[in-house]
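Straight run, no breaks: the sequence shown in UniProt numbering ends on number 338.
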Amino acid sequence: NNFEPETQVLVNFFSQVVAVAARKLEDAQDFAQKHNILRAYGSYEELARDPDIDVVYIGVIHPYHLSTSRLFTDAKKNVLCEKPLAMNAKEAREILDSAKRNNVFLMEAVWSRFFPASGEIRRLLAQGEVGEVKLVRAEFCVLAGNVRRSVDKTLGGGATLDLGIYCLQFMCMVFHGEKPESIQAMGTQYESGADKLVVVTLKFSNSRMAVLTWSSALQLRNEAIIVGTKGTIRIPEHMWCPTALEVNGKETKYPLPEPYLPLNYVNSTGMRYEAEEVRQCLLKGLKESSTMSHADSLLLAEWRMKSGGRWGWRTARTVSKRRNATHVDENLSQFCTT
């Protein structure tokens with residue numbers, strides 16, 4: 001529901017949203033009518049068989065990213081899959097291998113990477129504006145403990161999968177995908193066992209460090225800062241969808257377009273940038289994005305397991321053994337195709 005209004009901005013110029021699928025046909029039909037989408041399907045398998053679809057956006061809950069991504073890559077469809085790409089590194093490799101085997105494009109939808117402000121951060125770092133980066137600090141803490149899925153491990157709940165990925169991807173971007181020498185993580189849990197608060201300290205070569213904090217039970221300013229030998233870059237609140245940067249004390253704003261429909265989350269019109277990245281990659285015949293590469297997706301999956309993964313998330317395969325699959329499926333979200 002968040003993504004389709006943003007892609008509508010691109011529809012008039014570049015592409016057409018041709019179909020939507022949901023677990024229930026009536027839900028897909030309602031969504032299609034609301035957004036003027038031509039076709040509605042009551043199963044993802046029907047969607048996968050549609051010959052007119054070039055790329056699929058997958059927005060189901062985390063434990064079903066593997067099976068749904070495999071469904072579409074095996075059907076030779078290009079895929080933009082919501083973050084996190086998978087529940088663990090093994091599943092991430094399986095998804096990426098399937099995309100390569102079927103010769104299709106696949107990208108993890110880490111929308112933060114494609115905001116203009118994020119592009120400016122990469123430019124500043126590449127040009128050495130703040131010197132050698134010595135410290136990265138990022139926080140993403142919001143009150144989400146009252147959302148059932150957020151605290152249910154069988155549904156992919158937990159602060160690391162929902163929030164931690166934004167801090168981890170930011171650090172990954174700044175340090176160019178370099179692997180740390182050590183990772184130390186501490187955290188607290190809900191009664192369900194899902195992680196509630198996580199603090200991670202990572203040490204890199206040449207005395208560089210990162211300190212990351214995420215929680216679904218606290219509210220912080222949600223800023224990020226990059227400290228170098230010649231200066232600092234600060235990302236004010238909403239570091240995961242940045243619209244401003246403060247470089248050595250001087251702030252620059254990067255405003256977003258206004259939405260044509262009310263949206264659920266802050267700065268959601270910024271999702272248009274990742275949609276445009278997919279379009280550009282497909283026009284160039286690429287199978288992955290250099291800005292959000294397969295290597296980065298795999299690295300993020302490994303880091304999640306080393307930081308928050310000790311709480312033991314369950315995959316969809318495990319879920320189906322432990323509880324009625326139909327009941328779990330009630331929590332699947334709709335997704336669109338373009």
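Here a beta-carbon is modelled for each residue, glycine too, at the ideal position from N, C-alpha and C. The structure presented is a predicted model; accordingly, all values stated were derived computationally and were not measured.
- Residues V136, M171, L202 of the same chain have their beta carbon placed closer than 6 Å to that of A210, with the five preceding and five following residues left out of the count.
- Separation of the CB atoms of V17 and V55 is rounded to 11 Å, and the pair is thereby denied contact status at 8 Å.
- The beta carbon of S192 sits closer than 8 Å to those of V151, D152, K153, G157, all from its chain and outside the five residues before and after it, given in chain order.
- Within the region 70-99, the complete beta strand (DSSP E) segments of 3 residues or longer fall at 78-82, listed in chain order.
- Under the three-state reduction of DSSP, L124 is assigned to helix.
- Below 8 Å, enough C-beta pairs join the region 226-245 and the region 95-114 to call them touching: three or more.
- By the Cβ-count criterion, E258 is exposed, with fewer than 16 other Cβ atoms from all chains shown falling within 10 Å of its own Cβ.
- At a cut-off of 3 residues, the continuous stretches assigned as beta strand (DSSP E) that sit fully inside the UniProt domain "GFO/IDH/MocA-like oxidoreductase" (120-234) are 133-141, 182-189, 195-204, 208-215, 224-228.
- E237 carries a coil assignment under DSSP once its states are collapsed to helix, strand and coil.
- Taking one beta carbon from each stretch, the region 99-106 and the region 220-235 have fewer than 3 pairs nearer than 8 Å; the two do not touch.
- Exclusion of the five residues before and after A244 leaves A117, I235, P236, E251, T252, K253, Y254 as the residues of its chain whose Cβ lies within less than 8 Å of its Cβ.
- At the C-beta level, I183 and K306 come within 7 Å of one another.
- It is roughly 48 Å from the alpha-carbon of R208 to the alpha-carbon of H35.
- In the three-state scheme derived from DSSP, where H, G and I count as helix and E and B as strand, T269 is classed as helix.
- DSSP links Y254 through a beta bridge to no other residue.
- Residue ranges of uninterrupted beta strand (DSSP E) with 3 or more members, entirely inside the region 19-62 and ordered along the chain, are 19-21, 39-41, 55-58.
- In the DSSP assignment, M107 falls within the beta strand (DSSP E) that extends over 106-109.
- Of the residues A28, L168, P84, L218, the one whose Cα lies closest to the Cα of L143 is L218.
- Taking a C-beta distance under 7 Å as the contact criterion, R123 and S98 do not qualify as a contact pair.
- Taken through DSSP and simplified to helix, strand or coil, E274 comes out as helix.
- The beta carbon of T269 is closer than 6 Å to those of E6, L256, P257, P259 in its chain, skipping five residues each way along the sequence.
- One Cα belongs to A275, the other to M186, and the distance between them is close to 35 Å.
- In the DSSP assignment, V247 forms a beta bridge with I233, K250.
- Counting the other Cβ atoms within 10 Å of the Cβ of T188 gives fewer than 16, which makes it exposed.
- Excluding five sequence positions before and after E132, the CB atoms of its chain that fall closer than 7 Å to its own CB belong to G228, T229, given in chain order.
- Judged by DSSP secondary structure, R304 falls within the alpha helix (DSSP H) whose first and last residues are 294-307.
- Contact between I58 and E82 holds, with the beta-carbon distance rounding to 6 Å and staying under 8 Å.
- In the displayed model, Y260 falls within coil according to three-state DSSP, outside both helix and strand.
- In the three-state reduction of the DSSP assignment, L286 falls in the coil class.
- From the listed residues Q280, I61, H62, K76, the smallest Cα separation to P51 is found for K76.
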